[in-house]
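Engineer:
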Amino acid sequence: MSRIYTDYINNIALTLPDRFIDVKTGDSLLVSSKIQEQIEYHANNNTLIHLLLSALNSYFHPKGANGGTEEILFQLAEIKKMMQHGYPPINNFQGLAPLNNKQGSTNILDMKDLEDVLEVFGG
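FYI, the numbering for the sequence shown is -4 to 118, going by our numbering.
1) Exposed or buried, which one is Leu46 when buried takes at least 16 other CB atoms within 10 Å?
2) Rounded to whole angstroms, what's the CA-CA distance from Met(-4) to Glu65? Just pull it up for me.
3) From Phe69, Asn39, Lys75 and Asp111, pick the residue whose C-alpha is nearest to that of Asn5; which is it?
4) Please go through the same chain and pick out, in chain order, the residues whose beta-carbon is closer than 6 Å to the beta-carbon of Asp2, but skip the five residues on each side of it.
5) Tell me which same chain residues have a C-beta within less than 8 Å of the C-beta of Leu109, skipping the five on either side of it?
6) Take Leu113 and list the residues in its own chain whose beta-carbon comes closer than 6 Å to its own, dropping the five residues that flank it on each side.
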């Protein structure tokens, strides 16, 4: 059964049916309880227009699948540089030797692992 939600302050009215058609796929879908709860919440708080515009913005300008990975890739590249140059940890105590002198042949394996991770994530 359809229900009408209104935001009188912003002159918005929305009739929420039981089912809707996904305009990207053409599939008929049930309106989830989460969608219904959010519409009711925003109608009660006079922010229904903001919910609708936020949803449309997300629909027309979706974030890429790799949207959150840029920072991770940057940090991995920084770690790779540090390993290649043999920098000690940030808490640099006097008398610490570069990491290359301590790790020997295991450093090569670690670099290979790091390069594999960077390659998987597009670095």
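Glycine included, each C-beta is placed from N, C-alpha and C at the ideal position.
Structural biologist: In short, the structure shows the following:
1) buried
2) 45 Å
3) Asn39
4) Ala38, Asn41 and Leu43
5) Leu71, Ile74, Lys75 and Met78
6) Leu71
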